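Numbering (this note's numbering), first residue to last: 142 to 357.
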């Protein structure tokens, strides 16, 4: 769960996500409609843990990356709950700050969550390092880019970010093509690990569309 780009212009929002994962880890072949804690949402589903790495519902557009703000060390082999389920827990709360104050993150592996609130148009980036949750308000930003720090160095992240235009007159297909151009191939970092899918969510005043392209 490794690379995201985000564009916002007026009431149009575009979030694109490369999922870098073990190619043996199975996921749904299409976007599914599911219910979590009484809330309907739409997402590709990780078949192993039944969570997801990106979703949308009536309140949120959100995705998750492995690792926090810096590369994690001393990771455990097992944690209390999958990060893909922690992402879905956003839907239990009406506001991202309710999630920040009330979600129990004890014994949860490091993560980065990007979340856009549809109704109030607030944007946040959350970094969890197993000790504290850092909150970055990106509401005033029209562009954001982030890589998972478990697989990409800071230098590599900045190198990849330069491939993305910093203006908002961009099309979903153009940004999707850039994400395809930087996708990880099996063996680039480790044998059996690659970009297993690219997912894109486009929002305007009248609709929300999710494009999901699995490769394995």
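Just so it is clear, CB atoms sit at the ideal spot from N, CA and C, and this is done for glycine as well. Computed from a predicted structure; not experimentally measured.
Straight-line gap, residue i to residue j (C-alpha atoms, nearest Å)
{"i": "residue 300", "j": "residue 286", "result": "11 Å"}
{"i": "residue 218", "j": "residue 284", "result": "35 Å"}
{"i": "residue 248", "j": "residue 155", "result": "32 Å"}
{"i": "residue 335", "j": "residue 229", "result": "24 Å"}
{"i": "residue 203", "j": "residue 327", "result": "26 Å"}
{"i": "residue 189", "j": "residue 196", "result": "17 Å"}
{"i": "residue 172", "j": "residue 271", "result": "30 Å"}
{"i": "residue 231", "j": "residue 181", "result": "12 Å"}
{"i": "residue 341", "j": "residue 355", "result": "12 Å"}
{"i": "residue 252", "j": "residue 220", "result": "12 Å"}
{"i": "residue 235", "j": "residue 243", "result": "12 Å"}
{"i": "residue 273", "j": "residue 314", "result": "37 Å"}
{"i": "residue 291", "j": "residue 208", "result": "6 Å"}
{"i": "residue 212", "j": "residue 250", "result": "12 Å"}
{"i": "residue 222", "j": "residue 275", "result": "20 Å"}
Local Cβ density within 10 Å of residue i, reported as buried at 16 or more and exposed below that
{"i": "residue 343", "result": "buried"}
{"i": "residue 254", "result": "buried"}
{"i": "residue 268", "result": "buried"}
{"i": "residue 160", "result": "buried"}
{"i": "residue 224", "result": "buried"}
{"i": "residue 206", "result": "buried"}
{"i": "residue 192", "result": "buried"}
{"i": "residue 296", "result": "exposed"}
{"i": "residue 162", "result": "buried"}
{"i": "residue 227", "result": "buried"}
{"i": "residue 214", "result": "exposed"}
Cross-strand partners of residue i (DSSP beta bridge)
{"i": "residue 147", "result": "156 and 285"}
{"i": "residue 320", "result": "According to DSSP, which records beta bridges pairwise, residue 320 is partnered with nothing at all."}
{"i": "residue 352", "result": "341"}
{"i": "residue 177", "result": "180"}
{"i": "residue 256", "result": "203 and 265"}
Cβ-Cβ separation, residue j to residue i (assumed contact under 8 Å), whole Å
{"i": "residue 320", "j": "residue 144", "result": "7 Å"}
{"i": "residue 183", "j": "residue 351", "result": "6 Å"}
- Task: Please confirm if the stretch 303–317 is in contact with the stretch 146–155, defined as three or more CB-CB distances below 8 Å between the two stretches.
- Result: Contact between the stretch 303–317 and the stretch 146–155 is present, because at least three Cβ pairs lie under 8 Å.
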